[in-house]
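*Asks:* The structure under discussion is supplied below as structure tokens; questions concerning it will follow.
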Amino acid sequence: MDLLSGGSAGSIDRLCRDFGVDPRRPGGIYRPPTNWKPRIVIAAIVLALVGAFILGIVIKP
Numbered sequence: 006m007d008l009l010s011g012g013s014a015g016s017i018d019r020l021c022r023d024f025g026v027d028p029r030r031p032g033g034i035y036r037p038p039t040n041w042k043p044r045i046v047i048a049a050i051v052l053a054l055v056g057a058f059i060l061g062i063v064i065k066p
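First residue of the sequence shown? That's 6 in our numbering, and the numbers climb one at a time after it.
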């Protein structure tokens, strides 16, 4: 608890040093979870078009 006492910037620097983190730059960037719904819709449309194209070649009107 010695690292957290005082609440000063020095204690935060000591805490960061103990964990090997540079306090001057962020350790990570938050990326929100990917929304897969648009990709699934586009994949379904592409599969439908490819299927129609293949059926058009195979059946030959």
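Note that the Cβ used here is the ideal one computed from N, Cα and C, for glycine as well.
Throw me the rounded Cβ distance for the PRO28 and ILE45 pair, which I believe falls under 8 Å.
*Replies:* Here residue 28 refers to the residue found at position 23 of the sequence shown. Here residue 45 refers to the residue found at position 40 of the sequence shown. Not confirmed; about 42 Å, so no contact.
*Asks:* For LEU54 and VAL63, what's the separation of their Cα atoms in angstroms?
*Replies:* What you label residue 54 is simply residue 49 of the sequence shown in a count that begins at 1. What you label residue 63 is simply residue 58 of the sequence shown in a count that begins at 1. Those two C-alpha atoms are separated by around 14 Å.
*Asks:* Tell me the rounded alpha-carbon separation between ALA49 and PRO38.
*Replies:* As a first step, residue 49 is located in the sequence shown; it is residue number 44 there, counting from the start. As a first step, residue 38 is located in the sequence shown; it is residue number 33 there, counting from the start. Cα to Cα, ALA49 sits roughly 21 Å from PRO38.
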